[in-house]
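**Q** Structure provided below as structure tokens; questions to follow.
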Amino acid sequence: MKQMTEQNLINAFGGESQAHMRYLHFADQADKENLPNTARLFRAISYAEFVHAGDHYRELVHLEGGFVANSMATFGPGDTKKNIRLAIMGENYEITEMYPTYIEVAKFQGEKGAERSFQWAYGTEKMHKALFEKAKEDVDRNSDVALGPIQVCSVCGYTLEGEAPDICPLCEAKKEAFIAFR
Numbered sequence: 080m081k082q083m084t085e086q087n088l089i090n091a092f093g094g095e096s097q098a099h100m101r102y103l104h105f106a107d108q109a110d111k112e113n114l115p116n117t118a119r120l121f122r123a124i125s126y127a128e129f130v131h132a133g134d135h136y137r138e139l140v141h142l143e144g145g146f147v148a149n150s151m152a153t154f155g156p157g158d159t160k161k162n163i164r165l166a167i168m169g170e171n172y173e174i175t176e177m178y179p180t181y182i183e184v185a186k187f188q189g190e191k192g193a194e195r196s197f198q199w200a201y202g203t204e205k206m207h208k209a210l211f212e213k214a215k216e217d218v219d220r221n222s223d224v225a226l227g228p229i230q231v232c233s234v235c236g237y238t239l240e241g242e243a244p245d246i247c248p249l250c251e252a253k254k255e256a257f258i259a260f261r
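Heads up: the sequence shown begins at 80 in my numbering, then just goes up one per residue.
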């Protein structure tokens, strides 16, 4: 694997791993504020970030040893209003800067597996931002977001509100691959 794509995978693994843990902490805070649907949203998206981290990690199976992961991370957790703003900021960075660059580098370097892993994450992060923006509107009015079931594909992290599709539109996994957060 080419060094630049390899480092981008390491960085993406670090960023997705951090987002996974950060969103679990944000979910706990939402629970403390009696915002169960917002907490459920954070947990669902945390799981999707876990899936992304795993996809990136599997592309690095050839590595052994310690490596530095450089990744953007939002800090300064607080109440749920602030945490949602931080989440939107992180998702926006991945959508506008990180994944478009990583995809182009992987494509240029002919690293198909890395390109696929980045594409799956990129396609999903846009949905995460939209779901967080929906929740932000309600939380900013001091109420919990109204959400149906949230479905997350366990193969690529594709996330949606509602019922799981028969086939994942991103990775083509079957309906059974979806995990429901109700």
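In this text, a Cβ means the ideal position worked out from N, Cα and C, and glycines have one as well.
Name the residue from V218, C232 and F92 whose alpha carbon lies nearest to the alpha carbon of N149.
**A** For N149, the nearest C-alpha among the options comes from F92.
**Q** What alpha helix (DSSP H) runs, 4 residues minimum, are completely inside the stretch 148–226?
**A** 159–172, 178–187 and 191–219, all fully within the stretch 148–226.
**Q** Rounded to whole angstroms, what is the Cα-Cα separation between G94 and A127?
**A** Answer to the nearest angstrom: the Cα atoms are 13 Å apart.
**Q** Drop a sphere of 10 angstroms on the beta-carbon of I246, count the other beta-carbons inside from all chains shown, and report buried for 16 or more, exposed for fewer.
**A** So I246 ends up on the exposed side.
**Q** My assumption, with CB atoms under 8 Å, is that A106 sits in contact with S125. Please give the rounded CB distance.
**A** The pair is a contact, with the Cβ atoms about 7 Å apart (cut-off 8 Å).
**Q** If you reduce the DSSP assignment to three classes, tell me which class E95 lands in.
**A** In this structure, E95 counts as helix in the three-state DSSP scheme.
**Q** Among the residues of its own chain, which have a CB less than 7 Å from the CB of G227, if the five just before and after it don't count?
**A** Contacts found: E240 and G241.
**Q** For the beta strand (DSSP E) that L239 lies in, which residues bound it at each end?
**A** Segment T238 to E240, the beta strand (DSSP E) holding L239.
**Q** Helix, strand or coil for K253? Go by DSSP, reduced to three states.
**A** Strand at K253.
**Q** Rounded to the nearest angstrom, what separates Y237 and A243 at their Cα positions?
**A** Spanning the two alpha carbons is a distance of roughly 10 Å.
**Q** If you draw a straight line from the alpha carbon of Q86 to that of I163, how long is it in whole angstroms?
**A** Between Q86 and I163, the C-alpha separation is close to 29 Å.
**Q** Taking the continuous beta strand (DSSP E) assigned at I229, which residues delimit it?
**A** Looking at the DSSP string, the run of the beta strand (DSSP E) that includes I229 is I229 to C232.
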